[in-house]
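Asks: FYI, this note's numbering numbers position 50 of the sequence shown as 431, with every residue one higher than the one before it. Okay, here's the structure, questions in a sec.
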Amino acid sequence: MGSLARVLLFTWLILPLLGAESGKKRTARQRDEEFMERHNDICIRGSPGVPGREGNPGTNGIPGTPGIPGRDGTKGEKGECMQERLEEPWRINYKQCAWKALNYGIDLGKIAECTFTKMRTDSALRVLFIGSLRLKCKSACCQRWYFTFNGAECNGPLPIEAIVYLDQGSPEFNSTINIHRTSSVEGLCEGINAGLVDISIWVGLCSNGYAQGDASTGWNSVSRMIIEEMPK
382 MGSLARVLLF
392 TWLILPLLGA
402 ESGKKRTARQ
412 RDEEFMERHN
422 DICIRGSPGV
432 PGREGNPGTN
442 GIPGTPGIPG
452 RDGTKGEKGE
462 CMQERLEEPW
472 RINYKQCAWK
482 ALNYGIDLGK
492 IAECTFTKMR
502 TDSALRVLFI
512 GSLRLKCKSA
522 CCQRWYFTFN
532 GAECNGPLPI
542 EAIVYLDQGS
552 PEFNSTINIH
562 RTSSVEGLCE
572 GINAGLVDIS
582 IWVGLCSNGY
592 AQGDASTGWN
602 SVSRMIIEEM
612 PK
């Protein structure tokens with residue numbers, strides 16, 4: 382067989398194989414294109430879904446290691462020493478008793494009384510009686526006006542009193558001096574417990590044996606007693 386005959390025979394055998402291979406390639410490409418077209422039609426973006434619920438809190442992590450200790454700061458200035466007093470604020474507490482015209486002519490005994498509510502034990506009572514006082518006699522005499530607290534005179538620290546002393550009358554006119562003057566009896570008393578306190582003004586004798594005179598309290602005028610609780 383000649384050379385030309387061999388070439389023709391080889392060509393006739395190989396061409397069908399090349400065509401088949403080319404056909405296989407086209408068929409695979411076509412399948413890929415058809416697959417992409419189908420999926421492009423199917424993969425359309427849908428609407429967003431409902432948000433999910435929050436998850437349960439996680440457990441605490443492992444404690445960290447201690448940090449490096451800090452350095453001491455600079456020393457501050459010395460402050461002022463102040464003592465804090467955890468007490469209730471002071472409230473004003475007072476009372477007034479008044480009489481239009483006592484016209485009380487007794488020489489010995491209680492003249493008037495006023496009841497007061499004391500709020501605290503660690504406080505003092507300021508008392509004031511103001512009214513007309515008179516004493517008369519033909520010879521030297523002395524009378525004493527004083528306060529009592531629940532029936533006893535003040536001993537914190539001393540009694541609260543005032544006196545009127547008259548030396549003599551007027552012998553040339555055979556009469557006695559009869560002067561009524563507005564006067565006051567005032568002071569502070571400590572050591573009285575909290576609660577109701579009966580505060581009274583009395584008239585009595587002076588000390589040192591002076592004679593009793595003719596006393597009068599609250600003549601023809603207003604008399605008043607003022608009581609005030611005060612901090613110590």
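Even for Gly, the Cβ is constructed at its ideal location relative to N, Cα and C.
Return the chain-ordered list of same chain residues with a C-beta closer than 6 Å to the C-beta of T563, the five sequence neighbours on each side being excluded.
Replies: Taking the sequence shown and counting its residues from 1, one reaches residue 563 at position 182. For T563, same chain residues with a beta-carbon under 6 Å away, outside a window of 5 residues either side, are S513 in chain order.
Asks: Provide the residue(s) that pair with M611 in DSSP beta bridges, ordered along the chain.
Replies: In the sequence shown, counting from the first residue as 1, residue 611 sits at position 230. Beta-bridge pairing links M611 to A505.
Asks: Using DSSP bridges, identify the partner residues of A521.
Replies: Locating residue 521 in the sequence shown gives position 140, counting from the first residue. Paired residues: none, contrary to the question.
Asks: Could you tell me which of P432, P538, A479 and E469 sits nearest to L509, measuring between CA atoms?
Replies: Along the sequence shown, one-based indexing puts residue 509 at 128. Closest option to L509, Cα to Cα, is A479.
Asks: Check this for me: beta carbons of D525 and L586, under 8 Å apart or not?
Replies: Stepping through the sequence shown from its first residue, residue 525 is reached at position 144. Stepping through the sequence shown from its first residue, residue 586 is reached at position 205. Before going further, note that residue 525 is Arg rather than Asp in the sequence given. Cβ atoms of R525 and L586: closer than 8 Å.
Asks: With DSSP run on the structure shown, which of helix, strand or coil describes E494?
Replies: Working through the sequence shown from its first residue, we reach residue 494 at position 113. E494 falls in the strand class under three-state DSSP.
Asks: Should the stretch 595 to 602 be called in touch with the stretch 481 to 496, which here means at least 3 C-beta pairs below 8 Å?
Replies: yes
Asks: I need the DSSP call for Q477, collapsed to helix, strand or coil.
Replies: As a position in the sequence shown, residue 477 is number 96, starting the count at 1. DSSP places Q477 in strand when its eight states are reduced to three.
Asks: For the beta strand (DSSP E) holding G568, just list the boundary residues, first then last.
Replies: Position 187 of the sequence shown, counted from the start, is the residue given in the question as residue 568. Per DSSP, the unbroken beta strand (DSSP E) holding G568 starts and ends at R562 to C570.
Asks: Identify the continuous beta strand (DSSP E) that holds R534 and give its terminal residues.
Replies: As a first step, residue 534 must be located in the sequence shown, where it is residue number 153. Reading off the sequence shown, one finds Glu at residue 534, where the question assumed Arg. Per DSSP, E534 belongs to no beta strand (DSSP E) and is neither H nor E.
Asks: When we look at the beta-carbon of Y546 and count the other beta-carbons within 10 Å, is it buried (16 or more) or exposed?
Replies: Walking along the sequence shown from the start, residue 546 turns up at place 165. Label assigned to Y546: exposed.
Asks: Which stretch, first to last residue, makes up the beta strand (DSSP E) that contains E458?
Replies: In the sequence shown, residue 458 corresponds to position 77, counting from 1. No beta strand (DSSP E) holds E458; DSSP gives it neither H nor E.
Asks: Looking at W544: is its Cβ nearer than 8 Å to the Cβ of C522?
Replies: Position 163 of the sequence shown, counted from the first residue, corresponds to residue 544. Position 141 of the sequence shown, counted from the first residue, corresponds to residue 522. Here the sequence assigns Ile to residue 544, which means Trp is not the residue at that position. Not closer than 8 Å, so no.
Asks: Which one or two residues does DSSP pair with R472 in a beta bridge?
Replies: Residue 472 sits at position 91 when you count from the first residue of the sequence shown. Paired residues: none, contrary to the question.
Asks: Could you tell me which residues DSSP puts in a beta bridge with R605?
Replies: One-based indexing of the sequence shown puts residue 605 at position 224. DSSP lists A479 and I511 as partners of R605.
Asks: Out of T446, G433, I582 and V578, which has the shortest C-alpha to C-alpha gap to D488?
Replies: The residue labelled residue 488 in the question sits at position 107 within the sequence shown. Residue I582 is the option with its Cα nearest to D488.
Asks: Considering only DSSP beta bridges, list what Y591 is partnered with.
Replies: If you number the sequence shown from 1, residue 591 lands on position 210. Per DSSP, none; premise fails for Y591.
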